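So the structure is just underneath, and the comments pick up after that.
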Amino acid sequence: MTGGSPRQDYSGKDLMFMKIGIVICDRYKSCADGKCFRAVNNREGAFDIYSKDEPLEIVGYTSCDGWPGGNIEYAPEEMIKNGAEAIHFATGLVVGYPPCPYTSYFRDFVETRYKLRAVIGTHPIPQKYYLVHNALGTWNNDEWQELIKPTLVTEEIRKKYD
Ligand code: SF4
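Add 249 to the 1-based position in the sequence shown for the numbering used here, that's all there is to it.
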């Protein structure tokens, strides 16, 4: 652990980890990752649980390796060797068309198998995705409302990620 005082995540849980791994949806494997890294720097979206006063280090970055996400079985092990204290599943999992149906399962698997905190989301949901999913009713249930919570943010911030 890199130290620092405890912080709280969106559910009020104390956090101290500052080394993280990121797993993206393979559909976006050619993504330049600009939004994720900007959000890390700005501590926006799912990264707003971390203090801006301390470094946040990405110690692993990979994709799920395509349907049905087999890389998630192994990738956290490599990230843990580099000191990862949490795994973030990229926002692409929740905003894709359709969103990844395994999102909850991946989170629960990482937390159960690796005893590692798994966070759904990286950068804020872009406003253009927010509008289409709202029109589709994609997230109109308790499970999805919970999954998008860390990256929902405000309209003003969502627009910065369009
Ligand atoms: S939808 Fe899920 S399983 Fe399919 S490529 Fe994306 S993250 Fe992997």
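Glycine residues also receive a C-beta, built at the ideal position from the N, C-alpha and C atoms. On a predicted model such as this, the values are computed, not experimentally measured, just so you know.
Per-residue burial, residue i [other beta carbons within 10 Å of its own, 16 or more giving buried]
i, result
"residue 361", "exposed"
"residue 268", "buried"
"residue 346", "exposed"
"residue 403", "exposed"
"residue 251", "Caution is warranted here: a pLDDT of 40 is assigned to residue 251, below 50, making its placement in the model unreliable, and no coordinate value can be reported."
"residue 334", "buried"
"residue 284", "buried"
"residue 405", "exposed"
"residue 319", "exposed"
Whole-number beta carbon distance between residue j and residue i, since they are thought to touch under 8 Å
i, j, result
"residue 368", "residue 399", "6 Å"
"residue 414", "residue 371", "As displayed, the chain neither begins before 250 nor continues past 411, which places residue 414 out of reach and without an answer."
Inset, instruction - Count the CB pairs spanning the stretch 303-315 and the stretch 264-284 that are closer than 8 Å, and state whether there are at least three. - result: Output reads yes: the stretch 264-284 touches the stretch 303-315.
Legend entry - Touching by the beta-carbon criterion (3+ pairs, under 8 Å), the stretch 380-396 and the stretch 293-309: With a cut-off of 8 Å, the stretch 293-309 and the stretch 380-396 do not count as touching, because too few Cβ pairs lie within range.
Inset, instruction - Starting from the N-terminal side, write out each stretch of the beta strand (DSSP E) that is 3 residues or longer and does not extend beyond the stretch 348-401. - result: 366-369, all fully within the stretch 348-401.
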